[in-house]
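Going by the UniProt record's numbering, the first residue of the sequence shown is number 1, and it counts up by one from there.
Quick reminder that beta carbons are idealized off the backbone N, C-alpha and C, glycines included.
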Amino acid sequence: ALIPGSVCTITGWGTLSYAGASPVKLHMVQVPLISNESCEEYYSQISSIGAGRITDVMICAGSPYGGRDACQGDSGGPLVNEEVLTGVVSWGYECAVAGAPGVYTSIPAFREWIRDNSGV
1 ALIPGSVCTI
11 TGWGTLSYAG
21 ASPVKLHMVQ
31 VPLISNESCE
41 EYYSQISSIG
51 AGRITDVMIC
61 AGSPYGGRDA
71 CQGDSGGPLV
81 NEEVLTGVVS
91 WGYECAVAGA
101 PGVYTSIPAF
111 REWIRDNSGV
């Protein structure tokens, strides 16, 4: 089960900071899951994004203090919880901004679609 506070791992070749340089090696960071309700609350306070953006097919994760997140170039990468692919990097506000968690597409929400369309 996806429990807020559970630690997930994200990996990718994305930039190391917003509009920053790309890494020369694959990077990994661990981030806690955040409830969709809390995530919606965070994003409703960012005027350029507004309310109603977080849906039940999304997962949010990130430190409330910032500093750990996916970034540009990481989209499509994995969010792994307890060695299970749980989400796919989707979007966020800049990178690793306090109060702006990363948003991921939920694999469990699309499990049936994935099975039907991939044969896996």
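- Less than 9 Å divides the Cβ of ASP56 from the Cβ of ASN36.
- The straight-line gap separating the alpha-carbon atoms of GLY99 and MET58 is approximately 17 Å.
- The bridge partners DSSP lists for GLY87 are LEU79 and SER106.
- Taking the CA atoms as reference points, LEU85 sits about 27 Å from ALA21.
- Judged by DSSP in its simplified three-state form, CYS71 adopts coil rather than helix or strand.
- GLY12 is bridged by DSSP to HIS27.
- The Cβ-Cβ distance between SER106 and VAL89 does not fall below 9 Å.
- When beta bridges are read from the DSSP output, VAL57 appears opposite no residue.
- Taking 9 Å as the cut-off, the Cβ atoms of SER17 and CYS60 do not count as close.
- Contact between the segment 8 to 17 and the segment 25 to 39 is present, with at least three C-beta pairs closer than 8 Å.
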